[in-house]
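To start, the structure itself, in structure tokens.
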Amino acid sequence: MVEVQFRFRDDEAVNDPAVTVDAFTEQSNATAVRIEPGDDARALLPYLDQLALVEVNFPAWTDGRGYSSARILREAGYTGEIRAVGDVVIDMLSHLKRCGFDAFAPEHPLNPTDAQNAFERWDNVYQATADGRKPIWALRHQS
């Protein structure tokens, strides 16, 4: 297991071993699951209330399918930990957080100062996403 380097949750970190999506749907008694590229996050929707952790693997930073997995889970109401694991790089951090990731376990440790700068890079955003920030157009039209 790769160590979590950044976590934006107040609850206790989940350290249960994550099983594959296929293994989870066949046994469904695990509390942690790992989504690989090509897995359909929607297969987990009936089980969201029993999952404490969803790890999403990024085997290469150029593979963006994991962003959609997190967004699908958050939009379905999942409130547990979504952890980005694998080839997670600085340029991904802000976007991952906006899609609903709240924990990060990069394969290779990231510079904490660079990571903090990445998380705080943009004050204003254009789209509403899982991070709850209002898009700039909505702020502009507040009364």
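Residue numbers (our numbering): 81 to 223. Glycine included, each C-beta is placed from N, C-alpha and C at the ideal position. Please read all numbers here as calculations on a predicted model, not as lab measurements.
According to DSSP, residues forming a beta bridge with residue i
i, result
"residue 145", "According to DSSP, which records beta bridges pairwise, residue 145 is partnered with nothing at all."
"residue 186", "166"
"residue 86", "184"
"residue 161", "133"
"residue 99", "113"
Cβ pair residue i, residue j closer than 8 Å
i, j, result
"residue 115", "residue 83", "no"
"residue 185", "residue 165", "yes"
"residue 89", "residue 161", "yes"
"residue 102", "residue 133", "no"
"residue 157", "residue 124", "no"
"residue 163", "residue 180", "no"
C-alpha gap between residue i and residue j, whole angstroms
i, j, result
"residue 194", "residue 159", "27 Å"
"residue 197", "residue 110", "35 Å"
"residue 187", "residue 176", "15 Å"
"residue 122", "residue 220", "35 Å"
"residue 112", "residue 92", "14 Å"
"residue 137", "residue 222", "39 Å"
"residue 85", "residue 126", "30 Å"
"residue 170", "residue 149", "20 Å"
"residue 120", "residue 142", "19 Å"
"residue 107", "residue 99", "10 Å"
"residue 191", "residue 178", "20 Å"
For residue i, the first and last residue of its enclosing beta strand (DSSP E)
i, result
"residue 135", "133–138"
"residue 114", "112–115"
Integer-rounded CB distance, given that residue j should sit under 8 Å from residue i
i, j, result
"residue 151", "residue 117", "The pair is not a contact, with the Cβ atoms about 15 Å apart (cut-off 8 Å)."
"residue 224", "residue 87", "Residue 224 cannot be examined here, being either before or after the span of the chain that is shown, 81 to 223."
Endpoints, alpha helix (DSSP H) assigned at residue i
i, result
"residue 94", "Counting along the chain, residue 94 falls outside any alpha helix (DSSP H), and DSSP gives it neither H nor E."
"residue 193", "192–199"
"residue 122", "Careful: residue 122 lies outside any alpha helix (DSSP H) and carries neither H nor E."
"residue 128", "No alpha helix (DSSP H) holds residue 128; DSSP gives it neither H nor E."
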